[in-house]
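Asks: If you're matching them up, the sequences are chains F and G in order.
Residues in the first sequence are numbered consecutively from 1, following our numbering.
Residues in the second sequence are numbered consecutively from 1, following our numbering.
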Amino acid sequence: MNIAVCIKQVPDTETKIVLNPDSTDIVTEGIKLVMNPYDEYAVEEALKIKEKYGGKVTILCLGPEKSIEAIRTALAMGADDAVLLNDPAFEGGDSFTTALVLSKALSQIEYDIILTGKQAVDLDCSQVYAGLAEFLNLPYVSVVVGLELFPDQKKALAKRETEGGEKELIEVSLPAVFACQKDLNTPRYASLPGIMKAKKKEIKKLGLAEFCLNLEHVGAKGSKLKKGKYSLPPQRKAGIKIEGEIPEAAAKLVKLLREEAKII
Amino acid sequence: MPGIWILAEHKEGKFKKITYELLSLGKKLKSKNGEELCALLLGSGIENLANQLGPYGADKVYYLEDEVYKSYLNESYTQGISELVKSQDPSILLAGATALGKDLFPRVATRLGTGLAMDCVSIDLGDNGLLKTVRPIYAGKVLMEATVHQTKPQMVTLRPNLVEISPVDSSKKAEVIKSKPDLKREDLRTMLKEILKGESKKIDLTEAKIIVSGGRGMKEKDNFKILEELADAFGEGTAVGASRAAVDSGYAPHDIQVGQTGKVVNPTLYIACGISGSIQHLAGMATSKYIVAINKDPEAPIFQKADYGIVGDLFQVVPLLTREVKKLKSEG
Ligand SMILES: Cc1cc2nc3c(=O)[nH]c(=O)nc-3n(C[C@H](O)[C@H](O)[C@H](O)COP(=O)(O)OP(=O)(O)OC[C@H]3O[C@@H](n4cnc5c(N)ncnc54)[C@H](O)[C@@H]3O)c2cc1C
Numbered sequence: 001m002n003i004a005v006c007i008k009q010v011p012d013t014e015t016k017i018v019l020n021p022d023s024t025d026i027v028t029e030g031i032k033l034v035m036n037p038y039d040e041y042a043v044e045e046a047l048k049i050k051e052k053y054g055g056k057v058t059i060l061c062l063g064p065e066k067s068i069e070a071i072r073t074a075l076a077m078g079a080d081d082a083v084l085l086n087d088p089a090f091e092g093g094d095s096f097t098t099a100l101v102l103s104k105a106l107s108q109i110e111y112d113i114i115l116t117g118k119q120a121v122d123l124d125c126s127q128v129y130a131g132l133a134e135f136l137n138l139p140y141v142s143v144v145v146g147l148e149l150f151p152d153q154k155k156a157l158a159k160r161e162t163e164g165g166e167k168e169l170i171e172v173s174l175p176a177v178f179a180c181q182k183d184l185n186t187p188r189y190a191s192l193p194g195i196m197k198a199k200k201k202e203i204k205k206l207g208l209a210e211f212c213l214n215l216e217h218v219g220a221k222g223s224k225l226k227k228g229k230y231s232l233p234p235q236r237k238a239g240i241k242i243e244g245e246i247p248e249a250a251a252k253l254v255k256l257l258r259e260e261a262k263i264i
Numbered sequence: 001m002p003g004i005w006i007l008a009e010h011k012e013g014k015f016k017k018i019t020y021e022l023l024s025l026g027k028k029l030k031s032k033n034g035e036e037l038c039a040l041l042l043g044s045g046i047e048n049l050a051n052q053l054g055p056y057g058a059d060k061v062y063y064l065e066d067e068v069y070k071s072y073l074n075e076s077y078t079q080g081i082s083e084l085v086k087s088q089d090p091s092i093l094l095a096g097a098t099a100l101g102k103d104l105f106p107r108v109a110t111r112l113g114t115g116l117a118m119d120c121v122s123i124d125l126g127d128n129g130l131l132k133t134v135r136p137i138y139a140g141k142v143l144m145e146a147t148v149h150q151t152k153p154q155m156v157t158l159r160p161n162l163v164e165i166s167p168v169d170s171s172k173k174a175e176v177i178k179s180k181p182d183l184k185r186e187d188l189r190t191m192l193k194e195i196l197k198g199e200s201k202k203i204d205l206t207e208a209k210i211i212v213s214g215g216r217g218m219k220e221k222d223n224f225k226i227l228e229e230l231a232d233a234f235g236e237g238t239a240v241g242a243s244r245a246a247v248d249s250g251y252a253p254h255d256i257q258v259g260q261t262g263k264v265v266n267p268t269l270y271i272a273c274g275i276s277g278s279i280q281h282l283a284g285m286a287t288s289k290y291i292v293a294i295n296k297d298p299e300a301p302i303f304q305k306a307d308y309g310i311v312g313d314l315f316q317v318v319p320l321l322t323r324e325v326k327k328l329k330s331e332g
C-alpha cells in the first residue's frame, strides 16, 4: 500500500493570538508552530497501514519554508518521503487552491490511499480533503475514527463520527481520501534514531513551474473565498463567586439562573 | 430568476431545527435582494416533507426523490445538488454547519468551482449583492470576515442555534417541484453499511441549549452519572460534555469533547464541573451565553471567565444543584 498524507503546520493550540496592526492576519513571529494535531492521527494511521501491508508513506505539505519542521516531525515518526509545495505564488490561497495544488502533486506520485486531518486548527475550514477528492475524482470519508482495509478487494471500511454519538460505517472503493479524527489511534512519538534520520532526509520541493497551473489558478488570485478583516471576540470577564455554605450557594446559583439568566 | 437556496436537512421524517433557522435567515436576505427563497431537499418518500416548508417561508421547494437518496452519502448528494444548481443557477446556497453540511458542501463547492465560507456565525447581505460572513478561526480565538466574491453561487454553512425562527404563516404555500436524478446505485463508490447508535439518546452538543460538562475532577467514568442527572433535571435541549483530560482518562467518549480539538459549542448555559479552564477548553465554549464554574480550587483559571462560580467539591455541589433545579421546576 502506498499512502500519501497531507499535513499542515499550524500555531500550537496553547498560543495566545495577537492581531497584526491592520487586522489582516495574526502575528506569527515568535509563536510556536506544530504539525496540525489532526494530521498526527493521519500520519500515525499511515504508518500502521505500512507496518501491516508494506509500502511507502509520502508526506505532502503546502506552506512556507518553515513548514519543513512539521515535515521533519512526520519523517521522524517514520514516514519515508516528503514533498514541500512552496512558491510565493501559492501565498494567500484558500481551501480551493490548496486542494488544487495538492491534487496536482498527488497526481505525480503513486498512492492507494490519501490521508489528511479532518480540519486544520488554524483556519478551521475542513474543506481540503473534499476538494482533493473532487479534483482527483475519488470518493472520500470525513471525520474518520476507524479504518479497516481490504487491499485484495481494493476496498476499505471506514467508521465516521456524525452527531449525537452516532457513527456510520461506510464501505468505499480504493483509492480514496480519508480525513482523520481524534480517536482513530494514538500518535507515536518520534524516536531518537528517527529524529536523526529525519534530519538527513532530502525533502523534495515543488513550485508552480512543476505543475500545469498558472498564476490565476493559485494563491490569493485563484482563491474563491476572499478573506476580510480579523477581529478578536469580546473578552469574557469574571463574574461573581457565590459565597456561603455549599447548600446555600447551590440554591442561590439556581435562583440566579432563573432570575438573571432566565434559563430555568 | 436567481434565488436564495437553503438545504433542508431532515432525519427520520422530521426536519432538523437548522432547516427552520436557515429559512428564517433566508427570509431576511430575501427582503434585501428580492430573490425567491427556495428549499432543496433530497431523500426517499419525502413528498410530504416537501409540502411542509411553505409556512416557514419557502417560495419554492425543489426535491430530489429517489431510493438512492434514502441514506446520506456525500457522493450521491453532491451529484444531485450540483446538477440542479447548474440548471437553476441560484445566487446563494446555504446549509447548516452540521455533520452533514460540513461533509457535503466542500465537495459541492469544489465541483461548482465556487467558494464556501464554512461554519459562519453571522451572515448578512451587502448592497453589492455579496454576503458578508463572519467565521470563527483558531477555534473561536479570532473572528474572520469572508466573502465569495467572484463566483456563483455564494456558498455558506451556518452554525446551528444562532438564528431565531421567525413566525410561521400557515396560509403560505410553496410551489413544489420534484426531480429524479440520473444516478444509479451501481455507479457509487461509497455505501452506507450501518449506523451505529450512540450510548445516550441526548442531542448533539452543538445543538444543545444547556451543557453540563465534566473534567479531570470527575475522577472516574461512573461519576458522570451525576452530570447526567443534572442534565435530566434541566430537561430537553440539555447535553453532557467533557474536557479532553476527562476523555483521555477514559471517563467520557471522545464525541462529547469540548474544545479546540473537540466540539465548539454555543449553548445558553455551560456548567463546567471539575474543569480548570485551559486555553484549549475555553476555545470551545467561550461563546456560551452564561458560564458556571464549579471547582474546588479558587485559583482555577475557569473562574476568570465564568459568570457564576462556586468554589467547592463538585461531588457535593452537583447533586445539590440537581435537587434545587428539580425543586424550582416542580414549583413551576
Ligand atoms: C493539541 C492539544 C489540543 C487540546 N485540545 C483540547 C480540547 O479540545 N479540549 C480540552 O478540554 N482540552 C484540550 N487540550 C488539553 C488542555 O490543555 C488541558 O489539559 C485540559 O483541558 C484539562 O482538562 P481539565 O480541566 O478537565 O483537567 P485539569 O486541568 O487537570 O483540571 C481539573 C480541575 O478539576 C478540579 N477538581 C478536581 N477535583 C475536584 C472536585 N472534587 N471538585 C471540584 N473540582 C475538582 C481541579 O481543581 C482542577 O481545576 C488540548 C491539549 C493539546 C496539547
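Cβ atoms here follow ideal geometry from the backbone N, Cα and C, with glycine treated the same way.
Does residue 180 of chain F pass the burial test, meaning 16 or more other C-beta atoms within 10 Å, or should it be called exposed?
Replies: Flag for residue 180 of chain F reads buried.
Asks: Taking its Cβ as the centre, do 16 or more other Cβ atoms sit within 10 Å of residue 234 of chain F, making it buried, or is it exposed?
Replies: Exposed is the call here.
Asks: Over the uninterrupted beta strand (DSSP E) stretch that includes residue 178 of chain F, give me the two end residues.
Replies: Taken as a continuous stretch (DSSP letters only), the beta strand (DSSP E) holding residue 178 of chain F covers 176-180.
Asks: Does residue 285 of chain G have its Cβ less than 8 Å from a Cβ in chain B?
Replies: No chain B appears in this structure, whose protein chains are F and G.
Asks: Hey, quick one: how far does the beta strand (DSSP E) through residue 248 of chain F stretch, first residue to last?
Replies: Here residue 248 of chain F belongs to no beta strand (DSSP E); instead the alpha helix (DSSP H) covers 246-259.
Asks: Pull up the distance between the alpha-carbon of residue 208 of chain G and that of residue 230 of chain G, whole angstroms please.
Replies: Between residue 208 of chain G and residue 230 of chain G, the C-alpha separation is close to 14 Å.
Asks: Would you check whether ligand 2 has a heavy atom nearer than 7 Å to the C-beta of residue 314 of chain G?
Replies: Absent from the structure shown: ligand 2. Ligands present: ligand 1.
Asks: What three-state label does DSSP hand residue 281 of chain G in the structure shown?
Replies: Correct three-state label for residue 281 of chain G: helix.
Asks: Please go through the stretch 146-213 of chain F and give each complete alpha helix (DSSP H) segment of 4 or more residues, from N-terminal end onward.
Replies: 192-200, all fully within the stretch 146-213 of chain F.
Asks: Please say whether residue 64 of chain G and residue 37 of chain G have beta carbons closer to each other than 8 Å?
Replies: For residue 37 of chain G and residue 64 of chain G, no; Cβs fall outside 8 Å.
Asks: Find out if the Cβ-Cβ distance for the pair residue 132 of chain F, residue 114 of chain F is shorter than 8 Å.
Replies: Yes, they are a contact pair.
Asks: Taking the alpha-carbon positions, what's the residue 145 of chain F to residue 171 of chain F distance?
Replies: For residue 145 of chain F and residue 171 of chain F, the distance between alpha carbons rounds to 14 Å.
Asks: From which residue to which residue does the beta strand (DSSP E) around residue 135 of chain G run?
Replies: Where residue 135 of chain G is concerned, the enclosing beta strand (DSSP E) stretches over 131-137.
Asks: On the CB-based measure, 16 or more other CB atoms within 10 Å of its CB, does residue 12 of chain F come out buried or exposed?
Replies: Label assigned to residue 12 of chain F: exposed.
Asks: Is it the case that the CB of residue 297 of chain G approaches a heavy atom of ligand 1 more closely than 7 Å?
Replies: Correct: residue 297 of chain G has its Cβ closer than 7 Å to ligand 1.
Asks: Are the CB atoms of residue 105 of chain G and residue 49 of chain G nearer to each other than 8 Å?
Replies: No, they are not a contact pair.
Asks: Taking C-beta to C-beta, are residue 197 of chain F and residue 72 of chain F nearer than 8 Å?
Replies: Cβ distance not < 8 Å, so residue 197 of chain F and residue 72 of chain F don't count as in contact.
Asks: I think residue 254 of chain G touches residue 182 of chain F, with their Cβ atoms under 8 Å apart; what is that distance to the nearest whole Å?
Replies: Confirmed, about 6 Å.
Asks: Out of F/213, F/60, F/185 and F/66, which one is the CA nearest neighbour of residue 110 of chain F?
Replies: Answer by Cα proximity: F/60.
Asks: Return no unless some Cβ of chain G is closer than 8 Å to the Cβ of residue 131 of chain F.
Replies: With 8 Å as the cut-off, residue 131 of chain F counts as an interface residue toward chain G.
Asks: When you compare each of G/154, G/300 and G/143 to residue 274 of chain G by their alpha carbons, which one comes out closest?
Replies: The shortest C-alpha separation from residue 274 of chain G is found at G/300.
Asks: Looking at the unbroken beta strand (DSSP E) that takes in residue 11 of chain F, where does it start and where does it end?
Replies: Residue 11 of chain F -> beta strand (DSSP E) spans 9-11.
Asks: In chain G, which residues lie less than 8 Å from residue 44 of chain F when you measure between Cβ atoms?
Replies: In chain order: nothing, as chain G lies at least about 15 Å away.
Asks: I'd like the ranges of any beta strand (DSSP E) spanning at least 3 consecutive residues and lying wholly in the stretch 111-195 of chain G.
Replies: Correct list: 116-120, 122-125, 131-137, 142-148, 154-158 and 175-179.
Asks: Mind pulling the alpha helix (DSSP H) runs of 4 or more residues that sit fully within the stretch 214-248 of chain G?
Replies: Taking only runs of at least 4 residues, the alpha helix (DSSP H) segments lying wholly in the stretch 214-248 of chain G are 224-234 and 244-248.
Asks: Pull up the distance between the alpha-carbon of residue 319 of chain G and that of residue 2 of chain G, whole angstroms please.
Replies: So the two alpha carbons sit approximately 56 Å from each other.
Asks: Can you tell me which of F/250, F/259, F/261 and F/256 puts its alpha carbon nearest to the alpha carbon of residue 322 of chain G?
Replies: The shortest Cα separation from residue 322 of chain G among F/250, F/259, F/261 and F/256 belongs to F/250.
Asks: Mind listing which residues of the stretch 100-132 of chain G have their C-beta closer than 7 Å to chain F's C-betas, in chain order?
Replies: Residues 102, 103, 106, 107, 110, 111, 114, 115, 116, 117, 118 and 119.
Asks: Against chain F, which members of the stretch 297-321 of chain G pass a CB distance test of less than 7 Å?
Replies: So the list reads 303, 304, 305, 306, 307, 308, 309, 310, 311, 312, 316, 317, 320 and 321, given in the order they occur along the chain.
Asks: With a threshold of 8 Å between beta-carbons, can residue 239 of chain F be considered close to chain G, or not?
Replies: Chain G, which has a Cβ nearer than 8 Å to the Cβ of residue 239 of chain F, makes this yes.
Asks: Taking the alpha carbon of residue 84 of chain F as the point to measure from, which residue in F/78, F/92 and F/74 has its own alpha carbon closest?
Replies: Closest option to residue 84 of chain F, Cα to Cα, is F/74.
Asks: From this set, F/155, F/149, F/2 and F/189, which residue's C-alpha is nearest residue 81 of chain F's C-alpha?
Replies: If we check each option's Cα against that of residue 81 of chain F, F/2 comes out closest.
Asks: DSSP three-state label for residue 257 of chain G, please.
Replies: Three-state result, residue 257 of chain G: strand.
Asks: For the candidate residues G/269, G/9 and G/282, whose alpha-carbon lies nearest to that of residue 336 of chain G?
Replies: With chain G running from 1 to 332 in the structure shown, residue 336 of chain G is simply not present.
Asks: Looking only at its chain, what residues have a beta carbon closer than 6 Å to the beta carbon of residue 13 of chain G, apart from the 5 residues adjacent to it on each side?
Replies: Result list for residue 13 of chain G: empty, nothing under 6 Å.
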